[in-house]
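Undergrad:
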Amino acid sequence: MSASTETLVPFDDVLAAYDPALGLEVHVELNTATKMFCGCSTIFGAEPNTQVCPTCLGLPGAMPVVNAKAVESAIRIGLALNCSIAEWCRFARKNYFYPDMPKNFQTSQYDEPIAFDGWMDVEVDGETFRVEIERAHMEEDTGKSTHIGGATGRIHGADYSLVDYNRAGIPLIEIVTKPIVGAGEKAPEVARAYVQQLRDLIVALGVSEARMDQGNLRADVNLSLSPKGSGVLGTRTETKNVNSFRSVERAVRFEMQRHAAILGAGASILQETRHWHEDTGITTSGREKSDAEDYRYFPEPDLVPVAPSREWVEELRATLPENPTQKRARLQAEWGFSDLEMRDTIGAGALGLVEETVAAGCAPQAARKWWLSELARRANDTGVEIAELGVTPAQVAAVQALVEGGSINDKLARQVFDGLLAGEGTPEEIVAARGLAIVSDEGALSAAVDAAIAANPDVAEKIRDGKVAAAGALIGAVMKEMRGQADAGRVRELIIEKLT
Amino acid sequence: MPEISRDEVAHLANLARIDLSDAELDHLAPQLSVILESVASISGVAGPDVPPTSHALPLVNVFREDVVRPSLTPEEALSGAPAAEEQRFMVPRILGDEQ
Amino acid sequence: MTLIRKSAAELADALAAGETTSVELTQAHLDRIAEVDGAVHAFLHVDAEGALAAAAASDARRAAGTPASYLDGVPIAVKDVLATTGLPTTCGSKILEGWIPPYDATVVAKLKAAGLPILGKTNMDEFAMGSSTEHSAYGPTRNPWDLDRIPGGSGGGSAAALAAFEAPLALGTDTGGSIRQPGAVTGTVGVKPTYGAVSRYGLVAMANSLDQVGPVTRTVLDSALLQELIGGHDPLDSTSIAEPLPSLVDAARQGAGGDLSGVKVGVIRELSGEGYQAGVLERFSESVDLLVAAGAEVVEVSCPNFVHALATYYLIMPCEVSSNLAKFDAMRYGLRVMPAGIDSPSAEEVMRASRDAGFGDEVKRRIILGTYALSSGYYDAYYGTAQRVRTLITRDFAAAFEQVDVLVSPTAPTTAFKLGEKLDDPLAMYLNDLATIPANLAGVPGISLPAGLASDDGLPVGFQILAPVMADDRLYRVGAALEAALESRWAGPLLAQAPALEGAAR
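Protein chains in written order, with UniProt numbering: chain V, 1 to 500; chain A, 1 to 99; chain F, 1 to 506.
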């Protein structure tokens with residue numbers, strides 16, 4: 001399985017010959033207090049097998065009961081995605097054997113999803129793509145295996161595995177798109193933007209932490225190519241384990257190039273599951289399972305149908321956050337951003353962050369500046385999503401407040417961010433601990449100015465002669481002396497005062 | 001309705017994760033065919049207009065409040081485990097994909 | 001000796017009157033078990049210590065004047081398919097040998113809360129699949145009326161324990177007749193309540209949409225007392241009915257008065273005649289005559305789709321079985337078998353070997369049948385079709401109950417057959433459930449009570465009464481009236497005619 005040797009076709013050549021069709025399946029782990037079918041806690045990071053009961057452990061005789069809050073969240077997600085909400089639907093059993101699945105069937109929804117036939121408008125470079133949603137359905141998560149022995153700690157070559165069922169039974173909503181066609185060269189970006197916007201929506205709904213790095217949001221990417229203009233869907237592959245926005249984009253790009261190479265060589269695409277490798281940026285073939293497609297679905301006899309009343313659905317509709325398109329237009333007007341600024345903010349996945357930062361009291365332009373320059377650069381350097389960098393909107397607003405209050409300047413603010421990332425405390429504490437505050441002691445400043453004048457008599461002379469522009473050189477010398485912790489404007493005033 | 005062949009029984013046993021010996025296959029396959037033949041008698045009884053019944057009483061919307069209930073202790077959870085290590089269920093090596 | 005022959009109601013009254021103690025009567029039943037269970041093998045596990053401790057606690061409550069319930073202190077046996085903390089729960093299967101659940105089934109928790117000492121766990125066909133208890137991995141139970149014959153199944157252990165006076169009460173479960181058919185062939189009383197009237201939480205499921213927990217007793221009143229104790233809404237069972245049933249004990253007491261005037265009884269045309277043993281039909285008609293004599297109006301009613309019930313059952317049940325039993329995979333609990341001749345076997349290989357070694361033939365048959373019926377392409381033809389026929393059977397009941405208050409039939413087509421007679425002929429074995437299955441498919445309640453001994457073989461015959469969903473009280477009223485009429489004819493309970501067991505003084 002040396003996929004690294006796989007030949008790829010240059011991206012532009014793929015587009016010259018083929019139209020890509022995308023499909024995305026996103027699993028959202030809900031932030032309910034308890035599991036889908038039992039009262040066990042869902043808190044992340046607990047000691048192994050401390051959040052399990054007869055039901056989620058699949059003990060003989062135990063029975064499931066549906067979590068009302070999970071149904072409510074599913075309906076709200078469905079409504080936010082412009083879906084129809086089923087008047088009557090059931091859970092089914094998806095039967096297959098796997099050690100991390102306690103009952104050896106997953107309780108899921110099959111042909112009767114709670115929400116179906118919706119859409120979401122996705123913006124890429126100012127252009128809008130309508131992504132059609134096929135369905136959103138409820139299901140439960142599996143346990144987690146740790147593979148022991150072998151060289152890599154991965155599943156292949158392991159001697160045995162240890163299973164923790166704390167995650168088993170946590171509610172998931174699976175959101176499935178219809179095939180997305182017509183995105184052309186933008187397909188990778190559309191895929192990424194869809195997942196990003198979906199995440200923003202989920203966060204706005206407050207139904208999940210929606211953190212890809214913690215597995216709250218997991219994307220599977222389906223891709224197929226069809227000969228340009230033919231309109232016939234090709235054979236698709238399903239790439240799993242795509243766990244960041246950037247990876248979504250890269251995985252689509254990689255699969256497009258890989259498909260094109262195979263099709264170009266006259267071979268055909270194998271319909272299969274593939275795995276995305278974040279480190280190498282490639283996909284590899286998953287093992288073929290002989291019984292993979294025969295899940296022997298049938299309605300779960302231990303549960304009764306879910307039949308949300310129209311009154312309940314309308315009540316939930318009233319709790320929805322603003323529609324994303326309208327919201328973007330409103331925010332742009334409120335913030336006074338140019339189209340380009342708005343597009344960059346959305347493209348960086350920072351819309352929600354800027355919004356929260358503004359809500360914390362920061363000026364919109366300043367919020368945009370911090371997130372899109374300083375913080376975007378750091379996220380890029382460390383290879384994480386900007387939202388997952390570890391700096392909160394409230395902290396950014398606090399830093400900006402210090403700048404505006406004159407206690408630090410932009411340059412010093414960068415050191416405050418260093419401190420925040422190093423976990424040194426609040427921005428105020430970092431300024432104090434690192435001694436970053438701008439020196440406002442007039443005596444010290446005056447002494448430094450005097451010293452600079454004495455050290456640069458020729459420059460001082462020019463200023464005395466009325467060439468005020470020469471003050472810059474003296475200001476530089478003073479700032480250097482003060483290690484940047486001086487208000488440059490005040491230094492300038494002092495120099496002019498002393499020399500004219 | 002189709003008769004069930006010995007090969008098919010072997011395939012089904014595989015799907016159901018049961019190692020059946022040749023002797024068991026020889027024994028079971030004809031019995032299953034007889035049973036299937038007998039139950040197949042109902043194939044034309046209910047027309048497509050008859051709705052399916054899954055429960056005696058047509059209950060809907062049986063929900064639980066999202067309130068945490070006590071879990072088992074890890075000792076209780078693992079009490080029946082054939083093997084355990086580090087407070088986890090110890091299982092033989094797993095074939096197949098990471099999930 | 002006299003203690004163990006009393007009904008549970010009589011024992012409860014004796015406890016209340018201070019004529020006996022729970023420790024005394026629990027010990028009497030433990031002694032009886034020690035005496036006869038070697039021959040009968042009704043129990044898979046006896047918990048003398050736990051039962052006596054519970055009995056002592058019960059006596060303390062009585063002494064303090066605070067009994068937990070009317071039946072506080074009356075011991076009970078529990079079918080081994082119900083989860084019991086601290087007691088093995090094997091479901092009659094090797095795959096669960098030695099498994100001790102960390103939780104109680106809701107019905108077991110109710111027994112404990114009501115103060116009933118649990119004598120032990122009773123034998124059953126593996127995972128309740130069978131009509132003879134011969135499919136138990138731990139050896140068959142024998143019928144106290146004739147130790148060479150089957151006690152019915154799957155709950156042969158509970159029924160035999162009652163018939164052999166090893167317990168005054170027991171819990172059973174009924175998916176296609178597993179309470180009522182053993183009741184019929186052992187001369188005891190068994191009730192399958194309305195689906196959802198008794199919690200299934202902690203009942204190891206065979207077929208979830210058909211399973212129901214119910215009482216196994218020697219009198220109709222005892223069943224009413226026990227169903228009232230274990231019944232009621234359970235938030236842990238999504239299919240549990242929230243509304244209360246009418247009083248069952250009142251209905252049984254009313255019926256015991258013997259007057260059935262105004263009650264309309266329907267004899268189900270499709271559940272008699274061909275395939276039914278002559279001696280069974282003889283006792284059945286005699287009982288019907290007694291109902292008429294008690295003032296009931298009896299008519300014949302046709303339920304044309306009942307002839308499809310057996311086939312419908314044998315499609316729905318295996319599908320649910322194949323999925324329910326997937327959890328027995330040697331990973332989290334139960335038997336783990338390493339396949340022979342494989343170094344470092346995979347989890348999948350261990351599952352296959354363990355499931356082969358741990359399941360018996362009948363379980364394997366049903367798992368494979370269900371796997372087949374649910375496989376791609378067959379769902380509609382099998383499970384889907386069966387669920388539609390189920391609708392027709394339910395409609396037959398609805399139409400019949402527009403004409404009559406209760407329906408009646410023989411419980412089983414024959415009396416107890418010989419051990420081994422049908423063991424390897426699955427279809428012949430399945431026919432035992434012909435008359436009991438329609439109730440499970442429609443969810444309606446049913447009772448079986450002794451109708452006497454068949455004249456052709458001298459073995460017990462069961463009489464079945466069926467009522468509409470939620471009208472379990474009608475079973476008790478009509479059942480108690482018939483019981484009173486029959487016992488006055490026999491001059492005592494039918495079990496008084498049972499042969500003495502080896503080593504047992506009469």
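For every residue, glycine included, the Cβ atom is placed at its ideal position computed from N, Cα and C.
#1: Determine whether the beta carbon atoms of V195 (chain V) and V26 (chain V) lie at a separation below 9 Å.
#2: By the 10 Å Cβ neighbour count, where 16 or more other Cβ atoms means buried, how is T7 (chain V) classified, buried or exposed?
#3: According to DSSP, is D356 (chain F) part of a helix, a strand, or is it coil?
#4: Are the C-beta atoms of V65 (chain V) and some chain F residue less than 9 Å apart?
#5: Quick check: the Cα distance between S154 (chain F) and D361 (chain F), rounded to an integer number of angstroms?
#6: Which residue or residues does DSSP assign as beta-bridge partners of R274 (chain V)?
#7: So, is the C-beta of A62 (chain V) closer than 9 Å to a C-beta in chain F?
#8: For G152 (chain F) and P168 (chain F), what's the separation of their Cα atoms in angstroms?
#9: For A477 (chain V), does the three-state DSSP call read helix, strand or coil?
#10: Considering only C-alpha positions, which residue in the set V:K369, V:G466, V:F11, V:A455 is nearest to G184 (chain V)?
#11: Please classify K418 (chain F) as buried or exposed, where buried requires at least 16 neighbouring CB atoms within 10 angstroms.
#12: Let's test the definition: count the other Cβ atoms within 10 Å of the Cβ of L270 (chain V) and tell me whether it reaches 16, buried, or not, exposed.
#13: Looking at chain F, which residues of the segment 75-105 of chain V have a Cβ within less than 8 Å of any of its Cβ atoms?
#14: Quick one: which chain V residues come within Cβ less than 8 Å of V62 (chain A)?
#15: Residues of chain A with CB under 9 Å from T312 (chain F), in chain order?
#16: What does S79 (chain A) reach in chain V if we use C-beta pairs closer than 9 Å?
#17: Measuring only the C-alpha atoms, how far is T357 (chain V) from W371 (chain V)?
#18: Between the Cα of K489 (chain V) and those of V:A433, V:G406, V:L420, spot the shortest distance and give me the residue it belongs to.
#19: What are the start and end residues of each continuous alpha helix (DSSP H) run of 4 or more residues lying completely inside the segment 5-55 of chain A, in chain order?
#20: In chain F, what lies closer than 9 Å to Q87 (chain A) by C-beta?
#21: Using a C-beta cutoff of 9 Å, does A23 (chain A) count as contacting chain F?
#22: Is the CB of P113 (chain V) under 9 Å away from at least one CB in chain A?
#23: Relative to the C-alpha of residue 507 (chain F), which residue among F:L434, F:A485, F:I465, F:S199 is closest?
#24: Thinking just about the alpha-carbon of each residue, which of F:V263, F:L453, F:M470, F:V469 is nearest to the one in F463 (chain F)?
#25: Suppose the cutoff is 6 Å on Cβ atoms and the five residues either side in sequence are ignored; what does the same chain contact list for D200 (chain V) look like?
#26: With a threshold of 9 Å between beta carbons, is C38 (chain V) in contact with chain A?
#27: Can you tell me whether DSSP reads P305 (chain V) as helix, strand or coil?
#28: Short of 6 Å in beta carbon distance, which residues of its chain neighbour K6 (chain F), apart from the five on each side in sequence? Order them along the chain.
#29: Only counting the same chain, and skipping five residues up and downstream in sequence, which positions put a Cβ closer than 6 Å to that of A184 (chain F)?
#30: Please list the residues of the segment 199-214 of chain F that have a C-beta atom closer than 8 Å to any C-beta atom in chain B, keeping them in chain order.
#31: Considering only residues of the same chain and omitting the five flanking positions on each side of S4 (chain V), which have a CB-CB separation below 7 Å?
#32: Measuring straight from C-alpha to C-alpha, what distance separates V399 (chain V) and T345 (chain V)?
#33: Distance, Cα to Cα, L316 (chain V) vs N323 (chain V)?
#34: Give me the Cβ distance between Q212 (chain F) and P193 (chain F), rounded to the nearest whole Å; I'm assuming they're in contact under 8 Å.
#35: Check whether the Cβ atoms of P60 (chain V) and T239 (chain F) lie closer than 9 Å to each other.
#36: Select from F:A53, F:H41, F:G38, F:A42 the residue whose C-alpha is nearest the C-alpha of L25 (chain F).
TA: If we stick to the structure as given:
#1: Contact flag set, yes.
#2: Residue burial is scored here from C-beta neighbours: T7 (chain V) has fewer than 16 other C-beta atoms within 10 angstroms and is therefore classed as exposed.
#3: Here DSSP, grouped into helix, strand and coil, assigns D356 (chain F) to helix.
#4: With a threshold of 9 Å between beta carbons, V65 (chain V) makes contact with chain F.
#5: About 15 Å.
#6: By DSSP's assignment, R274 (chain V) forms a beta bridge with V:T239, V:S285.
#7: It does; some Cβ of chain F falls within 9 Å.
#8: The alpha-carbon atoms of G152 (chain F) and P168 (chain F) are separated by roughly 19 Å.
#9: Of the three classes helix, strand and coil, the one that applies to A477 (chain V) here is helix, per DSSP.
#10: Closest by C-alpha distance to G184 (chain V), out of V:K369, V:G466, V:F11, V:A455, is V:F11.
#11: With a 10 Å radius around the Cβ and a threshold of 16 neighbouring Cβ atoms, K418 (chain F) comes out exposed.
#12: For L270 (chain V), the number of other beta carbons within 10 angstroms of its own is below 16, and it is reported as exposed.
#13: Taking 8 Å as the Cβ-Cβ cut-off against chain F, the residues of the segment 75-105 of chain V that qualify are R93, N95, F97, P99, P102, K103, N104, F105.
#14: Neighbours of V62 (chain A) on chain V, chain order: V65, V66, L303, V304.
#15: Chain A residues near T312 (chain F): V39, I42, V45.
#16: Here the premise fails: no neighbours, minimum Cβ distance about 10 Å.
#17: T357 (chain V) and W371 (chain V): Cα-Cα distance of roughly 9 Å.
#18: Looking at the sequence shown, residue 489 (chain V) is not Lys but Gly. From the listed residues V:A433, V:G406, V:L420, the smallest Cα separation to G489 (chain V) is found for V:G406.
#19: With a minimum length of 4 residues, the continuous alpha helix (DSSP H) runs that stay inside the segment 5-55 of chain A are 6-15, 22-39.
#20: The contact set of Q87 (chain A) on chain F, defined by CB atoms closer than 9 Å, is empty, because the minimum CB distance reaches about 14 Å.
#21: Proximity of A23 (chain A) to chain F, defined by a Cβ-Cβ separation below 9 Å, is not satisfied.
#22: Not one chain A Cβ lies under 9 Å of P113 (chain V).
#23: This structure leaves residue 507 (chain F) out entirely; chain F is present only between 1 and 506.
#24: The shortest C-alpha separation from F463 (chain F) is found at F:L453.
#25: Hits under 6 Å: G352.
#26: Yes, its Cβ sits closer than 9 Å to a Cβ of chain A.
#27: In this structure, P305 (chain V) counts as coil in the three-state DSSP scheme.
#28: So no residue of the chain qualifies.
#29: Here the set comprises T411, A412, S448, G462.
#30: This model lacks chain B altogether; the protein chains it does include are V, A and F.
#31: Low confidence applies to S4 (chain V): its pLDDT is 42, below 50, so where it sits in the model is not reliable enough to give any reading.
#32: Rounded to whole angstroms, V399 (chain V) to T345 (chain V) spans 20 Å at the Cα level.
#33: One C-alpha to the other measures close to 14 Å.
#34: Their Cβ separation, rounded to whole angstroms, is 6 Å, which keeps Q212 (chain F) and P193 (chain F) in contact under 8 Å.
#35: In this structure, the beta-carbon distance from P60 (chain V) to T239 (chain F) does not fall below 9 Å.
#36: Ranked by how close their Cα comes to the Cα of L25 (chain F), the residues F:A53, F:H41, F:G38, F:A42 have F:A53 in first place.
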